[in-house]
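> I am attaching a structure below and will ask some questions about it afterwards.
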Amino acid sequence: GYIVDNHYALKYKQQAVERVFHPPRKHDRNPLIVGEGGYVTVRQNPDSGLFQMWYQTHTPRLDAQGKHKGSNYAIAYAESKDGLDWQRPKLGLLEWKGTKENNIVYKGITDQRASGQCLIEAPEADRRGYRYLMSYHTGGVKKGMNGIRVVGSQDGIHWDKSSDTLLAELHSDTLNSIVYDPVEKQYVMYCRAKHIYRTFRGDILDTGASRRVARMTGPSLWEEWTTEPQNMLIPDELDSTRQFNFFYGMPVQYHAGIFWGSLWPFKMNTDVVTELAFSRDGIQFERLPARPRLLDLGKEGEWDDGMVFGNNWVEVGDEWWFYYSGFDGPHGDPTARQPGIGVATTKKERLISLRGPRSGGVVITRQIQWPGGKLLLNADASGGEIKVRLSDAKRRVLEGFDYDDCVPLDSDSVRHTVRWKEKSIKSLKGQTIRLEIFLQDADLFTFRAGHAE
Numbered sequence: 315g316y317i318v319d320n321h322y323a324l325k326y327k328q329q330a331v332e333r334v335f336h337p338p339r340k341h342d343r344n345p346l347i348v349g350e351g352g353y354v355t356v357r358q359n360p361d362s363g364l365f366q367m368w369y370q371t372h373t374p375r376l377d378a379q380g381k382h383k384g385s386n387y388a389i390a391y392a393e394s395k396d397g398l399d400w401q402r403p404k405l406g407l408l409e410w411k412g413t414k415e416n417n418i419v420y421k422g423i424t425d426q427r428a429s430g431q432c433l434i435e436a437p438e439a440d441r442r443g444y445r446y447l448m449s450y451h452t453g454g455v456k457k458g459m460n461g462i463r464v465v466g467s468q469d470g471i472h473w474d475k476s477s478d479t480l481l482a483e484l485h486s487d488t489l490n491s492i493v494y495d496p497v498e499k500q501y502v503m504y505c506r507a508k509h510i511y512r513t514f515r516g517d518i519l520d521t522g523a524s525r526r527v528a529r530m531t532g533p534s535l536w537e538e539w540t541t542e543p544q545n546m547l548i549p550d551e552l553d554s555t556r557q558f559n560f561f562y563g564m565p566v567q568y569h570a571g572i573f574w575g576s577l578w579p580f581k582m583n584t585d586v587v588t589e590l591a592f593s594r595d596g597i598q599f600e601r602l603p604a605r606p607r608l609l610d611l612g613k614e615g616e617w618d619d620g621m622v623f624g625n626n627w628v629e630v631g632d633e634w635w636f637y638y639s640g641f642d643g644p645h646g647d648p649t650a651r652q653p654g655i656g657v658a659t660t661k662k663e664r665l666i667s668l669r670g671p672r673s674g675g676v677v678i679t680r681q682i683q684w685p686g687g688k689l690l691l692n693a694d695a696s697g698g699e700i701k702v703r704l705s706d707a708k709r710r711v712l713e714g715f716d717y718d719d720c721v722p723l724d725s726d727s728v729r730h731t732v733r734w735k736e737k738s739i740k741s742l743k744g745q746t747i748r749l750e751i752f753l754q755d756a757d758l759f760t761f762r763a764g765h766a767e
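If you're matching positions, the sequence shown starts at 315 in the working numbering and goes up one per residue.
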């Protein structure tokens, strides 16, 4: 159970238990890659442990006077044994800037444009035998081929053009994140609703504010979707007070029943930052009231002081690693900035906690039918203590499971096992109970039933 919101009908006793945001920390080795980087996606190969990175790269098109007239886009590849030291192999696959001595792995269905890549996690039955699935955006090619497409690969380097399929004829020129929803058994894409503001055919006099987060759904990855995107996350009054009146995009990841979004608030036409958004249904997203940054701009003069585009995390041991692309200049002038790629880290599942005050506070869950196994807490009690009491639906304490029966937790761990002196919670399998978690100078991040590793 994640306590990012009030899904579990949390109640507070004594002093208020605070909801606290814990941003990941930028790594001291940053930037990991210098002079390269657009949208970045990283995956660790489950078999070899190799870190694999795909990032958008571009080269400006300039007119005779040297003015910027657009860009050419492609998907580049890098790999690393430890996630910090990255190599960009010369693959010799595709021509880029007049040579094949490069790390370009895909340029789109017609070798003209590939941008906004997203690695898709899909059930095995939907993968058509491919180990890697990638969505991307292409434009300026043949009628009926422009838009969001998906392509498969066995190694993440050689992409099978024969599998390249149009998902949506949509001019959504950002990172379009595609997530499988296991509850609704459908695919969800987070994109821009540019069918309202811009089309591939004809002219629209007023292009409108298309930089919002929209959502559309489809039954599979290998056919064109018939739904239309609907805006579902729009800047509000608090964003306006800070002049972040646009959302550039939002990579989304599904984990533990929650859709986790790395939202990109955009101040026209300069800064882009990364915030956390989260949802239990993939439609209604919540943002923290103070709008803290998941990844903020670097200090003036640093390599990422202009824009930071965060993405989904990679789980590395007991940590979450957030790779991101950074720029040292504004959005509005591509010739006045240099890109780079960095990483920020935190302990796993530790973005938001409930923190108990010095005098102690209690978090009481809704009724839970205990599925069996141990009670595991991801919590930091190194400055205080945590105890857990178990009660029934009417909050009558279960014998042997009161606070005095609980062995206090007073350390920091992503997987504490909660124990009682005489009884085990395993014996309550199938029963309806409540957890009453006492926090004194301690942070609670998650609770779950399971087995300690």
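Glycine included, every Cβ here is placed at the ideal spot set by N, Cα and C. Please read all numbers here as calculations on a predicted model, not as lab measurements.
Whose CA, out of V728, W627, D757, lies closest to the CA of P338?
W627
> Can you give the Cα-Cα distance for T746 and G686, rounded to whole angstroms?
11 Å
> Just confirm the distance between the C-beta atoms of K411 and T452, as a whole number of angstroms; I'd bet it's less than 8 Å.
K411 to T452, Cβ: 19 Å. No contact.
> Tell me the rounded alpha-carbon separation between L547 and L480.
25 Å
> Can you tell me the Cβ-Cβ gap for I347 and A392, rounded? I've got them flagged as a contact below 8 Å.
7 Å
> What does the alpha-carbon distance come out to for the pair V331 and G466?
Distance between the alpha carbons of V331 and G466 is about 47 Å.
> Within a Cβ cutoff of 7 Å, which residues of the same chain sit near E589, ignoring the five residues on either side of it in sequence?
L577, P579, R601, R605, R607, L608
> Check whether chain C comes within 8 Å of Y638, counting only Cβ atoms and requiring the distance to be less than that.
Judged by its chain identifiers, the structure shown contains no chain C, having just a single protein chain.
> Can you tell me which residues form a DSSP beta bridge with P437?
In the DSSP output, where bridge partners are listed per residue, P437 has none listed.
> For P403, count the other beta carbons within 10 Å of its own beta carbon; 16 or more makes it buried, fewer makes it exposed. Which is it?
exposed
> Based on the DSSP secondary-structure assignment, which residues constitute the bridge partners of L552?
In DSSP, L552 forms no bridge with anything.
> Find out if the Cβ-Cβ distance for the pair E294, Y369 is shorter than 8 Å.
The structure shown does not extend to residue 294, since the chain is modelled only from 315 to 767, so the question has no answer here.
> Given a cut-off of 8 Å on the beta-carbon distance, is the pair S476 and R442 in contact?
no
> Extract the residue ranges of the beta strand (DSSP E) inside the region 609 to 649, only unbroken runs of 3 or more that lie entirely within it.
621 to 630, 633 to 641
> Which residue marks the beginning of the beta strand (DSSP E) containing F592, and which one marks its end?
588 to 593
> Give the range of the beta strand (DSSP E) segment to which F759 is assigned.
757 to 764
> Suppose you measure from the CA of R680 to the CA of G744; what does that come to, to the nearest Å?
15 Å
> Just to confirm before moving on: does the CB-CB distance between F759 and S667 stay below 8 Å?
yes
> Skipping 5 residues on each side, what residues in its chain have a beta carbon closer than 7 Å to that of R762?
G315, L690
> Go ahead and pull the three-state DSSP assignment for K688.
strand
> What residues in its chain sit with their C-beta under 6 Å from that of P543, if we drop five residues either side in the sequence?
Around P543: C505, A507, A528, M530.
> Just to confirm my understanding: we take G764, look at its own chain, exclude 5 residues before and 5 after, and list those with CB closer than 8 Å. What are they?
A distance below 8 Å between beta-carbons, with the five flanking residues on each side excluded, links G764 to the following residues of its chain, in chain order: G687, K688, L690.
> Give the range of the beta strand (DSSP E) segment to which R333 is assigned.
332 to 335
> Exposed or buried, K340, counting other C-beta atoms within 10 Å across all chains shown (16 or more means buried)?
buried
> Would you report the Cα separation of G615 and G643, rounded to the nearest angstrom?
10 Å
> Taking the alpha-carbon positions, what's the Q598 to F592 distance?
Between Q598 and F592, the C-alpha separation is close to 8 Å.
> Ignoring anything shorter than 4 residues, give me the alpha helix (DSSP H) runs that lie fully in the region 443 to 494, in order along the chain.
none
> If I measure Cβ to Cβ from R333 and keep anything under 7 Å in the same chain, skipping five residues before and after, which residues do I get?
I666, L668
> Quick check on G612: buried or exposed, where buried means 16 or more other Cβ atoms within 10 Å of its Cβ?
buried
> Less than 8 Å separating the beta-carbons of G351 and P653?
In contact: G351 and P653 (Cβ atoms closer than 8 Å).
> Which same chain residues, not among the five before or five after Q754, have their C-beta less than 6 Å away from its C-beta?
G670, G674, G698, E699
> Check for me: the beta strand (DSSP E) holding H341 runs from which residue to which?
Per DSSP, H341 belongs to no beta strand (DSSP E) and is neither H nor E.
> Could you check the C-alpha separation between D718 and D585 for me, to the nearest Å?
53 Å
> Once you ignore the five residues that flank M809 on each side, which residues in its own chain have a CB closer than 6 Å to its CB?
There is no way to answer for residue 809, as the model of the chain reaches only from 315 to 767.
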